[in-house]
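Below: the structure, in structure tokens.
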Amino acid sequence: MNGIIALQILGGVLLLLVGGEWVVRGASRLAIAAKLSPLFVGLTVVSLGTSAPEMAVSFATALRGQADITIGNVVGSNLFNMLMIVGFSALFAPLPVDKQITRFDVPVMIAATIAMMLASWNGIISRWDGIGLILIMIAYFAISYRLGKLAGEDAIPDDLELPDPLKEATESLGRRVAVILWQLVLLSAGVAALVFGCELFVDGAVSMARILGVSELVIGLTIVSAGTSLPELVTSVAATIKGERGIAIGNAVGSTTLNIVAVLGITSVIAPSGLNVAPEIMGLDMPLMVIAAMLSWVLYRTGRTIVRWEGMLMIVLYCGYVGYLLQTSGAFG
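Its first residue numbered 1, the sequence shown is counted upward by one per residue in our numbering.
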């Protein structure tokens, strides 16, 4: 039995590594072929793919009426995205911050975070609240596409030497479309590997934790909440190592925004009677999510680069938050 669990964990890790490599490779080449900025691809295409575990968990729990898990998944994943993913990626290399991030994407992320808190104030996120979030998502995608197209055209001059066979493929519309489609296939395969790898890893880790006698509360606060964010973490770190740092930071910011406007928006619409919000989450977790979003904006503007000490600060803040939750829940006895 323990051998099967170990194989689950190992298989999950391998799929996560392979999936992260494919996602970054497909996304970076897709950006070149489609003449879009890597930042836009990270904010939208990659973010949608790596948010698949959060979407799956939230949809399933919303349909079962388990609103606490749905909302807790969104809040917990967002805190992990803003603090752990950006912080951990910055340990490998400094992360330059594009002006678009501080002028548009992070303000939208902060606005979406505040909108979620306001919608939760009366104790329920209704279907009308969800429709409003979905409309924000549509507007966000439209504006991001326009900005990404302009940035992509400026960043890729006509005389740029593209790697073969990419240069030849972009010379004609037909070949360019073929390249885009192939990179989408690679990107989709990478996302699928991330999703299945995440599922294997989380299932194996939860089983191992239960054998070791770890409580359900500790499992939920650590393994499951962080587990659904593993695709974002692996993709951002892989992008940082490969030098695609626009994808790395764009993935973290984009996933945070999409968890609210897409995941929460759609789940509150499909839930039988909206999503009930527990008072406990309004006291600490949701205000902390707003503070983390604002802190991100301040750090991104400071020198327009996330350096290692700032990454360490983010990691310490997240670990402190989890430690506080474990301590107050009595997990340490």
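Just so it is clear, CB atoms sit at the ideal spot from N, CA and C, and this is done for glycine as well.
Enclosing alpha helix (DSSP H) for residue i [first to last residue]
| i | result |
| --- | --- |
| N73 | 67 to 79 |
| D285 | 285 to 301 |
| V263 | Element bounds for V263: n/a, residue is neither H nor E. |
| I114 | 106 to 120 |
| L91 | 86 to 92 |
Inter-residue Cα distance where the pair is residue i and residue j
| i | j | result |
| --- | --- | --- |
| G204 | I9 | 5 Å |
| G19 | A189 | 7 Å |
| T256 | E199 | 20 Å |
| R64 | I281 | 20 Å |
| I69 | I136 | 23 Å |
| I71 | F59 | 11 Å |
| T170 | I4 | Its pLDDT being 49, under 50, T170 is placed unreliably in this model, and the coordinates cannot settle the point. |
| G254 | M109 | 8 Å |
| V179 | P231 | 25 Å |
| I143 | P107 | 13 Å |
| I114 | M289 | 9 Å |
| Y145 | S236 | 21 Å |
| R245 | A139 | 25 Å |
| L181 | A193 | 18 Å |
| L17 | G303 | 31 Å |
| L30 | L36 | 8 Å |
| S120 | L325 | 21 Å |
Sub-7 Å separation of residue i and residue j beta-carbons
| i | j | result |
| --- | --- | --- |
| R127 | G274 | yes |
| G311 | G76 | no |
| M84 | V263 | no |
| Q100 | L147 | yes |
| W22 | L186 | yes |
| T228 | P53 | yes |
| M286 | M117 | yes |
Residue i in three-state terms, based on DSSP
| i | result |
| --- | --- |
| P231 | helix |
| L15 | helix |
| N276 | strand |
| L313 | helix |
| L200 | helix |
| L325 | helix |
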